[in-house]
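**Q** Our numbering applies: residue 14 is where the sequence shown begins, and numbers increase by one.
For glycine and all other residues, C-beta sits at the position ideal for the given N, C-alpha and C.
From a predicted model like this one, the values you see are computed outputs, not experimental measurements.
I'd like to ask you about the structure that follows.
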Amino acid sequence: MDFKGKVAIVTGSGSPRGIGREITRALAEKGCSVVVADMNLEGAQKNAEDLKNEFGCDSMAVSANVTDEASVKAMFDAVFAKYGRIDILCNNAGITQPVTIADMTKDDFLKIMNVNLVGTFMCSKLVVPYMVKGNYGRIVNTSSVSAKCGGGVYGGAHYCAAKAGIIAFARAQAMELCKEYKDMITVNCVCPGLIATDIRAELSDEKEKESRAKQAMGRAGTAREVANTIVWLASDEASYVSGEDVNINGASYFG
Numbered sequence: 014m015d016f017k018g019k020v021a022i023v024t025g026s027g028s029p030r031g032i033g034r035e036i037t038r039a040l041a042e043k044g045c046s047v048v049v050a051d052m053n054l055e056g057a058q059k060n061a062e063d064l065k066n067e068f069g070c071d072s073m074a075v076s077a078n079v080t081d082e083a084s085v086k087a088m089f090d091a092v093f094a095k096y097g098r099i100d101i102l103c104n105n106a107g108i109t110q111p112v113t114i115a116d117m118t119k120d121d122f123l124k125i126m127n128v129n130l131v132g133t134f135m136c137s138k139l140v141v142p143y144m145v146k147g148n149y150g151r152i153v154n155t156s157s158v159s160a161k162c163g164g165g166v167y168g169g170a171h172y173c174a175a176k177a178g179i180i181a182f183a184r185a186q187a188m189e190l191c192k193e194y195k196d197m198i199t200v201n202c203v204c205p206g207l208i209a210t211d212i213r214a215e216l217s218d219e220k221e222k223e224s225r226a227k228q229a230m231g232r233a234g235t236a237r238e239v240a241n242t243i244v245w246l247a248s249d250e251a252s253y254v255s256g257e258d259v260n261i262n263g264a265s266y267f268g
């Protein structure tokens, strides 16, 4: 896969570790120009600089609040002004909260929905005109196995609902864009299962043991394994794949 000449934006990629950062690295390795987008501008700048130093790629950092339309539009305008194109959007920004429905507040519910689902909607809608200008577009959303199995170790019902909404929204957008633009723009989702990220440190020993016992492979997946799938969906090789949600869970769940 060759991404030379392509420009990708990865939201929620300003953390020093995690899936977002790994997506940016996997794309940079393939020659892509990578935009590190995050509300934490300092973290985004550090990751963008690391990409330049390690892979020699053209990268930039932008501060973006994916729930705010003006902020998202400003991000796309800034990227387009620099590169003259936006080819790939990875909607990776998201938050979770392990809380039961009984303890969940309306504010809890709306916060999780806004960042995960509204943020994906806002970015996915507003990026389309920029992709049309370049006659190429790949939108890849980070959903979750929780969208399909009704919960997990980390997320509550609001998280499950938001991640399920991402899948449904992506399918509808994929169909709309296919009807209007044929194979110019594809929209897909990945649904990671248990992945070894920093959030695992918050688990008690009992929860950690319980989560591992449910894994068919006896281990958690890695952020790079998620990133590799996203990179393929963002490539020319996946031109006939749209509206799909790809499980990444080591045969621990089918659906």
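(1) Classify I114: buried if its beta carbon has 16 or more other beta carbons within 10 angstroms, exposed otherwise.
(2) Spatial neighbours of V47 within its chain, please: C-beta separation below 7 Å, excluding the five flanking residues on both sides.
(3) By a C-beta neighbour count over all protein chains shown, 10 Å radius and 16 as the cutoff for buried, is A236 buried or exposed?
(4) Taking the runs of the beta strand (DSSP E) that are 3 residues or longer, which of them lie wholly in the stretch 110-184?
(5) Could you give the residue range of the beta strand (DSSP E) that holds N53?
(6) Using CA coordinates, which residue listed in N262, A209 and W245 is at the minimum distance from A229?
(7) For the alpha helix (DSSP H) holding T242, just list the boundary residues, first then last.
(8) Considering I261, what are the terminal residues of the beta strand (DSSP E) in which it resides?
(9) Am I right that S265 and G206 are in contact with their C-beta atoms under 8 Å? What's the rounded C-beta distance?
(10) Near V254, what residues of its chain come up, given a Cβ to Cβ distance below 8 Å and the 5 sequence neighbours on each side ignored?
(11) One question on the structure: do G25 and A106 come within less than 7 Å of each other, judged by their Cβ atoms?
(12) Is it buried or exposed for T133, if we count other Cβ within 10 angstroms and need 16 for buried?
(13) Just how far apart, CA to CA, sit A77 and N104?
(14) Do you know how far the Cα of V239 is from the Cα of S248?
(15) Out of G97, V85, A160 and G44, which one is the CA nearest neighbour of A175?
(16) Going by C-alpha distance, which of I208, D258, K17 and A187 is nearest D100?
(17) Measure the alpha-carbon distance for I208 versus Y143 and round it to whole angstroms.
(18) Quick one: is L130 buried, meaning 16 or more other Cβ sit within 10 Å of its Cβ, or exposed?
(19) Can you tell me whether C45 is helix, strand or coil according to DSSP?
(20) Go to S265, then tell me how far its alpha helix (DSSP H) extends in each direction, as first and last residue.
**A** Once the coordinates are examined:
(1) exposed
(2) A21, V23, T37, L40, A41, L64, C70 and S72
(3) buried
(4) The stretch 110-184 contains these whole beta strand (DSSP E) runs: 150-155.
(5) N53 -> no beta strand (DSSP E), and no H or E assigned at all.
(6) N262
(7) A236 to L246
(8) D258 to I261
(9) Contact annotation, S265 with G206: C-beta distance approximately 5 Å; criterion of less than 8 Å satisfied.
(10) Only T199, N201 and L246 meet the Cβ criterion.
(11) yes
(12) buried
(13) 12 Å
(14) 15 Å
(15) A160
(16) K17
(17) 32 Å
(18) By the neighbour-count definition (other C-beta atoms within 10 Å, threshold 16), L130 is a buried residue.
(19) coil
(20) Run containing S265: none; DSSP gives neither H nor E here.
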